[in-house]
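K.L.:
Please find one structure pasted underneath; my questions will follow.
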Amino acid sequence: MPTASGKKNNSIKEQLSLLADPAYRDFSSSLLPGTDHILGVRLPALRKLAKKLAKENWTQNLSLCTEDSFEEIMLQGFIIGYAKAPLHEILEQTAAFIPKIDNWSVCDSFCITMKAAKQYPEDFWEFLQPCLENSGEFIVRFAVVMLLDYFITGEYIDRIYPVLDRIKHQGYYVKMAVAWAVSMCYVQFPEKTMAYLRNNTLDDFTYNKSLQKITESLCVDSETKKKIRAMKRSTARPE
5 MPTASGKKNN SIKEQLSLLA DPAYRDFSSS LLPGTDHILG VRLPALRKLA KKLAKENWTQ
65 NLSLCTEDSF EEIMLQGFII GYAKAPLHEI LEQTAAFIPK IDNWSVCDSF CITMKAAKQY
125 PEDFWEFLQP CLENSGEFIV RFAVVMLLDY FITGEYIDRI YPVLDRIKHQ GYYVKMAVAW
185 AVSMCYVQFP EKTMAYLRNN TLDDFTYNKS LQKITESLCV DSETKKKIRA MKRSTARPE
């Protein structure tokens with residue numbers, strides 16, 4: 005295997021190029037408006053490559069990925085998520101990676117891959133707190149999606165509501181993530197979440213989106229959906 009940085013980096017780029025599908029590229033571009041340099045690599049293929057690179061010298065492979073394409077950025081997140089390494093190394097690489105997130109797809113795919121959060125929940129909880137106060141839209145979204153992926157549990161549910169209530173970032177993708185998180189809380193803990201919905205400081209847009217996402221869930225019965233719809237704030241408007 006080549007060891008020179010340039011050769012190795014070209015190898016990664018070449019592998020991505022070989023996996024690219026022009027038709028899928030066009031489809032992905034339609035879902036991610038404003039995202040540049042999409043190659044069109046399907047996620048299963050990208051994950052397979054990431055697992056391979058994570059089993060090798062993962063930090064070196066990570067450093068050799070550039071930000072030249074959507075897929076290379078996604079690949080970095082997957083490598084971090086699949087790496088078997090000490091927690092401090094995972095958190096260090098995560099901190100370096102999250103400022104590179106600039107769309108919902110990379111954010112959400114990275115979060116669901118970060119299985120170390122299940123193994124070290126309290127360490128990740130502490131790691132996420134400053135992210136929730138960040139000015140970056142996708143850094144905050146990262147933290148919220150991590151909460152909904154790993155912390156809607158009996159141990160953490162009572163700590164999640166006040167965290168969601170404190171988020172005042174005006175970014176659309178933050179608001180949508182908070183609404184998604186509230187709906188997931190409702191599915192798992194309906195009584196606790198109903199109490200929260202009756203007493204919260206969510207802005208009208210996020211609150212109503214939360215209700216909408218609850219009613220879209222297949223886990224909620226039709227009678228409950230009627231009650232949820234009746235709770236809609238009539239003064240809501242996009243912010």
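Just so we're on the same page, this note's numbering is the position in the sequence shown counted from 1, plus 4.
Each residue gets a CB set at the ideal place from its N, CA and C atoms; glycine is no exception.
None of these values were measured; they are calculated from a predicted model.
1. Tell whether a beta-carbon distance below 8 Å holds between ILE102 and ILE77.
2. Buried or exposed: which applies to THR70, given that a residue is buried once 16 or more other Cβ atoms fall within 10 Å of its Cβ?
3. With a threshold of 6 Å on Cβ separation, who are the neighbours of CYS223 within its own chain once the five nearest residues in sequence on each side are excluded?
4. Alpha carbons only, please: which of GLN216, SER226, ASP225, SER221 is nearest the one belonging to ARG237?
5. Of the choices SER109, HIS92, ARG29, ASN107, whose alpha-carbon is the least far from that of GLU130?
6. Would you kindly check if the distance between the Cβ of ALA100 and the Cβ of ILE83 is under 8 Å?
7. Of the choices VAL110, GLU220, THR210, SER15, whose alpha-carbon is the least far from that of ILE42?
8. In the DSSP assignment, the alpha helix (DSSP H) including ILE105 goes from what residue to what residue?
9. Please state whether DSSP places ALA8 in a helix, a strand or coil.
10. Determine the DSSP secondary structure at ASP208, reduced to helix, strand or coil.
11. Cβ of LEU53 within 8 Å of Cβ of GLN97?
12. By how many angstroms is the C-alpha of THR239 removed from the C-alpha of ALA121?
P.N.:
Walking through what the data contain:
1. On the sequence shown, position 98 is the one that residue 102 refers to. On the sequence shown, position 73 is the one that residue 77 refers to. No, the Cβ-Cβ distance between ILE102 and ILE77 is not below 8 Å.
2. For the purposes of this step, residue 70 is taken as residue 66 along the sequence shown, with counting starting at 1. THR70 should be labelled exposed.
3. By one-based count along the sequence shown, residue 223 stands at place 219. Hits under 6 Å: VAL191.
4. As a working note, residue 237 is residue 233 in the sequence shown. Here the closest residue by C-alpha is GLN216.
5. Here the question's residue 130 lines up with position 126 in the sequence shown. Checked all of SER109, HIS92, ARG29, ASN107; the closest Cα to GLU130 is HIS92.
6. Walking along the sequence shown from the start, residue 83 turns up at place 79. Walking along the sequence shown from the start, residue 100 turns up at place 96. No; because the gap between Cβ atoms is not below 8 Å, this pair is not in contact.
7. Residue numbering aside, residue 42 sits at position 38 when the sequence shown is read from its first letter. Nearest C-alpha to ILE42: VAL110.
8. Working through the sequence shown from its first residue, we reach residue 105 at position 101. Unbroken run through ILE105: none, as it is neither H nor E.
9. Taking the sequence shown and counting its residues from 1, the one referred to as residue 8 is at position 4. Interpretation of ALA8 is limited by its pLDDT of 39, a score under 50 that renders its predicted location unreliable; the figure taken from the coordinates is listed afterwards. Three-state DSSP puts ALA8 in coil, outside helix and strand.
10. Within the sequence shown, the letter at position 204 stands for residue 208. Looking at ASP208 - three-state DSSP - the assignment turns out to be helix.
11. Position 49 of the sequence shown, counting from 1, holds the residue named residue 53. Position 93 of the sequence shown, counting from 1, holds the residue named residue 97. No, Cβ-Cβ distance for LEU53 and GLN97 is not below 8 Å.
12. Locating residue 121 in the sequence shown gives position 117, counting from the first residue. Locating residue 239 in the sequence shown gives position 235, counting from the first residue. Put simply, the backbone Cα of ALA121 is about 38 Å away from that of THR239.
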